[in-house]
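Heads up, the sequence shown is in my numbering, so the first residue is 19 and it goes up one at a time. Positions of the beta carbon are idealized from the N, C-alpha and C atoms, including for glycine. Since the model is a prediction, treat every value here as computed from it, not as a measurement. As structure tokens, the structure follows; a few thoughts come after it.
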Amino acid sequence: MQQIGESIGLAVGLLLAADADLLEIVTLSLYVSLSATSIACLLGLPLGAILAVTRFPGRGPVLVLINALMGLPPVVVGLIVYLYLSRSGPLGFLGLLYTPTAMIIAQTILIAPIVVALSRQVLEDLHLEY
19 MQQIGESIGL
29 AVGLLLAADA
39 DLLEIVTLSL
49 YVSLSATSIA
59 CLLGLPLGAI
69 LAVTRFPGRG
79 PVLVLINALM
89 GLPPVVVGLI
99 VYLYLSRSGP
109 LGFLGLLYTP
119 TAMIIAQTIL
129 IAPIVVALSR
139 QVLEDLHLEY
């Protein structure tokens, strides 16, 4: 129990001291998360709206795919992004591996199915109600 208290004390000390390394890490985390969420919303909200109000052949399998992608493990997404962005991968020439852009791509892949599924459900309920 004493170690937990010491750890919390050290963490509070770092926050209050405004350590430059800590601020850089927090800033990068916020930048990556907010960027990925914004991109996922820009892509996912229109797609969710289209899926909510239109009926087309193959809509069922698309909904199943979106729902299945919500359960995609982050490790799998990381591996796929790594394989695509590595030097020998199809997008290796871009040199994005180990950059914030690669983190944004991976997080967008994780977030987009959730945005699509939630927006589709909400808009479909509203479309049926009104």
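Would you kindly check if the distance between the Cβ of residue j and the Cβ of residue i is under 8 Å?
{"i": "R138", "j": "G78", "result": "no"}
{"i": "L60", "j": "V95", "result": "no"}
{"i": "A54", "j": "Q125", "result": "yes"}
{"i": "I122", "j": "V44", "result": "no"}
{"i": "L81", "j": "P131", "result": "no"}
{"i": "L40", "j": "L32", "result": "yes"}
Who are the near neighbours of residue i in its chain, counting only those whose CB is closer than 7 Å to its CB and skipping five residues on each side?
{"i": "N85", "result": "A135"}
{"i": "P92", "result": "L128"}
Mark residue i as exposed unless 16 or more other C-beta atoms lie within 10 angstroms of its C-beta, in which case mark it buried.
{"i": "G62", "result": "buried"}
{"i": "P108", "result": "exposed"}
{"i": "A58", "result": "buried"}
{"i": "V99", "result": "buried"}
{"i": "A120", "result": "buried"}
{"i": "V30", "result": "exposed"}
Once the 5 residues before and after residue i are set aside, which same chain residues still bring their CB inside 8 Å of it?
{"i": "S104", "result": "G110, L115"}
Residues in the same chain with beta-carbon distance under 6 Å from residue i, minus the five sequence neighbours each way, listed in chain order, please.
{"i": "P64", "result": "none"}
Item to check | Any alpha helix (DSSP H) of 4 or more consecutive residues that is wholly inside the segment 105–138 | outcome: Whole alpha helix (DSSP H) segments, 4+ residues: zero.
Item to check | Meets three-Cβ-pair contact criterion under 8 Å: the segment 140–147 and the segment 109–117 | outcome: In short, these stretches do not touch, since the Cβ pair count stays below three.
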